[in-house]
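Each remark here refers to the structure printed beneath this line.
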Amino acid sequence: MEKKTENYIRFDWAMKRLLRNKANFDVLEGFLSSLFGKTVKIQGLLESEGNREREDDKANRVDLLALMDDKAKVIIEVQNNTETAYFQRMIFGTSKVLCDYINKGENYEHVSKVYSVNIVYFALGKGTDYVYHGKTEFRGIHNGDILELNPFQKEKFEIDTVSQLFPEYYILKVNDFDKVAKSPIEEWIYYFKTGTLPENASAPGLDKVRELLRIDRMSEAERNAYYQHLDDMARLHDTVTSGYEEGHFNGKQEGRAEGLAEGIERGIEKGIEEEKMRNAKAMKEIGIETKKIAQITGLSIQEIDRF
Numbered sequence: 018m019e020k021k022t023e024n025y026i027r028f029d030w031a032m033k034r035l036l037r038n039k040a041n042f043d044v045l046e047g048f049l050s051s052l053f054g055k056t057v058k059i060q061g062l063l064e065s066e067g068n069r070e071r072e073d074d075k076a077n078r079v080d081l082l083a084l085m086d087d088k089a090k091v092i093i094e095v096q097n098n099t100e101t102a103y104f105q106r107m108i109f110g111t112s113k114v115l116c117d118y119i120n121k122g123e124n125y126e127h128v129s130k131v132y133s134v135n136i137v138y139f140a141l142g143k144g145t146d147y148v149y150h151g152k153t154e155f156r157g158i159h160n161g162d163i164l165e166l167n168p169f170q171k172e173k174f175e176i177d178t179v180s181q182l183f184p185e186y187y188i189l190k191v192n193d194f195d196k197v198a199k200s201p202i203e204e205w206i207y208y209f210k211t212g213t214l215p216e217n218a219s220a221p222g223l224d225k226v227r228e229l230l231r232i233d234r235m236s237e238a239e240r241n242a243y244y245q246h247l248d249d250m251a252r253l254h255d256t257v258t259s260g261y262e263e264g265h266f267n268g269k270q271e272g273r274a275e276g277l278a279e280g281i282e283r284g285i286e287k288g289i290e291e292e293k294m295r296n297a298k299a300m301k302e303i304g305i306e307t308k309k310i311a312q313i314t315g316l317s318i319q320e321i322d323r324f
């Protein structure tokens, strides 16, 4: 008999509805432990703009800000739709947390350690891997050496390197994962991508996914809301993807008609710009807020308000 495949609630939805409960922190702790390669404990969730649940956020960019056991803070974000300036958004997110959690007059030694964890379902940048880790190092421009902490700083701050003071960034490019899950973090990415768990998965936290995040455990009302959420995401993704593909194609056709490479380039740009406008109008018609449309399309709020 063929083994039945269990389907589980998407991680982004679970973060909004289920994982904010302290009793369910095991799921978040398991994921972060698999990513960081060390045991992580969460003391609680912190207030932030993203942590306030917003029912009108159909683009579903999820922010979750948590306090870890070593007083470090971790931002977890899920982004389902293309956002050209997403790298800059990552910078803004960590900067805001740094500023929000130091009191006026406090010494700079109280600046928090921040980890920014980004689970993205679109082609962010250009690279061949599916998990990226970024941190800050200072390298001499003449000698090539890395600037280090002195012994007193190491003892005072209880760390070994300058990079441990600065924000660290993790990017998980879910759609680029097409391998057999062999490590704990790969098992998590497999779940993010497929909504199912690898056979014999043993990564920390996935046992709690099996227990807590099964779709068949949802009430009928919860399932209806969840499936509506999936439909909204699929419709938005199709609108943006097909729009850009059509714009690129139309632009190439227009450029070819001019018979010049320069004309092709201009035509592509014009076609994409026109599709941005059409996409923005379509998103506005299905109720997506103007700020989110601006983030996704790159158009200004003033341009979107004209529709």
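Here my numbering is used: the first residue of the sequence shown is 18, the next is one more, and so on.
Ideal placement from N, C-alpha and C gives every residue a C-beta, glycine not left out.
- Item | Validate contact between the region 242-251 and the region 40-59 using beta carbons, cut 8 Å, 3 pairs | Counting Cβ pairs under 8 Å, fewer than three are found: no touch.
- Task: Drop a sphere of 10 angstroms on the beta-carbon of Tyr244, count the other beta-carbons inside from all chains shown, and report buried for 16 or more, exposed for fewer.
- Result: Exposed is the call here.
- Beta carbon of Pro215 nearer than 8 Å to that of Glu204: Here Pro215 is near Glu204, since their CB atoms are less than 8 Å apart.
- Query: Would you say Glu63 and Leu49 are within 8 Å of each other, going by their C-beta atoms?
  - Reply: Inspection of the sequence shows that residue 63 is occupied by Leu rather than by Glu. Contact: no.
- Indicate whether Leu82 and Tyr147 have their beta-carbon atoms separated by less than 8 Å. Cβ atoms of Leu82 and Tyr147: not closer than 8 Å.
- Query: Among the residues of its own chain, which have a CB less than 8 Å from the CB of Lys210, if the five just before and after it don't count?
  - Reply: Non-local beta-carbon contacts of Lys210 in its own chain, meaning distances under 8 Å to residues more than five positions away in sequence, involve Val191, Asn192, Phe194 in chain order.
- Item | Test item: CB-CB of Val137 and Pro184 under 8 Å | No, the Cβ-Cβ distance between Val137 and Pro184 is not below 8 Å.
- Task: Quickly, what does DSSP pair Gln328 with across the bridge? List them, please.
- Result: Residue 328 lies beyond the range of the chain shown here (18 to 324); nothing can be said about it.
- Is DSSP giving Ile59 helix, strand or coil here? It is a strand residue.
- Item | Contact check, Gln181 vs Asn135, beta carbons under 8 Å | The Cβ atoms of Gln181 and Asn135 do not sit closer than 8 Å to each other.
- Task: Consult DSSP for Gly151 and reduce its assignment to one of helix, strand or coil.
- Result: Shown here, Gly151 sits in a strand according to DSSP, grouped into three states.
- Task: Per DSSP, which residues does Leu84 bridge with? Please list them.
- Result: Per the DSSP secondary-structure output, Leu84 pairs in a beta bridge with Gly61, Lys90.
- Take the Cβ of Pro221 as the centre, count every other Cβ of all protein chains shown within 10 Å, and call the residue buried at 16 or more, exposed below. Counting Cβ neighbours within 10 Å, Pro221 comes out buried, since at least 16 surround it.
- Query: Grouping DSSP H, G and I as helix and E and B as strand, with all else coil, what is Ile26?
  - Reply: In this structure, DSSP gives Ile26 a state outside helix and strand, which the three-state scheme calls coil.
- Query: Thinking C-alpha only, which one of Leu230, Ile303, Ile310, Ile321 is nearest Asp29?
  - Reply: Per the Cα distances, Leu230.
- Cβ-Cβ separation, Leu52 to Tyr187 (assumed contact under 8 Å), whole Å: Here Tyr187 really is in contact with Leu52; their C-beta atoms are around 6 Å apart, less than 8 Å.
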